[in-house]
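First comes the structure, then the notes that go with it.
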Amino acid sequence: MAFTNSLIKLILSLILLGQTVNAVGFSPQSIGVIGHLECNGVNASGVLVKVYNKNLFYTDNLIAQGATDVNGNIRLIGTDKELLTNMNIHINIYHHCNHESIWCARRVTVKVPTEFITKGKETADRFFDIGTHQLNEPNPEEEKDCFH
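When you number the sequence shown by the working numbering, it's gap-free, plus one each residue, and the end is 150.
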C-alpha cells in the first residue's frame, strides 16, 4: 500500500512538473526563410528544402519543408517551442544539379543566425534570405545524402 501511494505521488508530481514547465518555460519561436536556387545559371525548380531546429540531445526537429517553384524561389515559415533557449536553425537543400545519382542527393547546409528568430509568436516577423545559390558550384559544406 505504501508503495502504491508513493507511486501515485510520483506520477502526480511528474504530471504537475510537466504542466508547470510547459506553461512557464516553453515558448513559441518562428523563422522565415526565402531564397533563389539555380543550377548552371538556370532556375532550379522542384528542389527540396528543409528547415530544422537542431537539438543537442535528441533528433533535430523538422519545422518546415517545401520545394522551389518554377522560378527557383523558396519561401518557408517554421515554428517550434523551446525551453529558455533560442532555436538553433539550419536549412538543408537537397538537389541533383550536376549529379547523376537518382537515389542520393547533394545536400548543402546553411546556418541561420539567431537574430532572424521571432520569439513568442508562431509567425515570423523577419525572413532570412539565403540569397541566390548556384547549386553547380562546389561547396565545402556539401555532403552526399541518400536518406533525406
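Backbone N, C-alpha and C fix where the C-beta goes; we use that ideal spot for every residue, glycine too.
From a predicted model like this one, the values you see are computed outputs, not experimental measurements.
Given 8 Å, three or more beta-carbon pairs between the segment 67-76 and the segment 103-114
no
Quick check: the segment 56-71 against the segment 119-131, are there 3 or more CB pairs under 8 Å?
They do not touch, by the three-pair rule.
Mind checking which residues open and close the beta strand (DSSP E) that includes H97?
The sequence position of residue 97 within the sequence shown is 95, counting from 1. Taken as a continuous stretch (DSSP letters only), the beta strand (DSSP E) holding H97 covers I91 to H97.
Could you compute how far the alpha carbon of I95 sits from the alpha carbon of K113?
Walking along the sequence shown from the start, residue 95 turns up at place 93. Walking along the sequence shown from the start, residue 113 turns up at place 111. If you take the alpha carbons of I95 and K113, they lie about 11 Å apart.
Which residue comes first and which comes last in the beta strand (DSSP E) that contains K83?
For the purposes of this step, residue 83 is identified with residue 81 of the sequence shown, where counting begins at 1. First-last of the beta strand (DSSP E) with K83: N75 to L85.
Rounded distance between the beta-carbons of L137 and L50, thought under 8 Å
Taking the first residue of the sequence shown as 1, we reach residue 50 at position 48. Taking the first residue of the sequence shown as 1, we reach residue 137 at position 135. The Cβ separation is near 12 Å, so there is no contact.
With K56 and N90 assumed to form a contact (beta carbons below 8 Å), what rounded beta-carbon distance in angstroms separates them?
Translated into positions along the sequence shown, residue 56 becomes position 54. Translated into positions along the sequence shown, residue 90 becomes position 88. Correct: roughly 4 Å between the Cβ atoms.
Give me the DSSP bridge partner(s) of L64.
Sequence index remark: in the sequence shown, residue 64 carries index 62 (1-based). Looking at the DSSP assignment, L64 forms a beta bridge with Y54.
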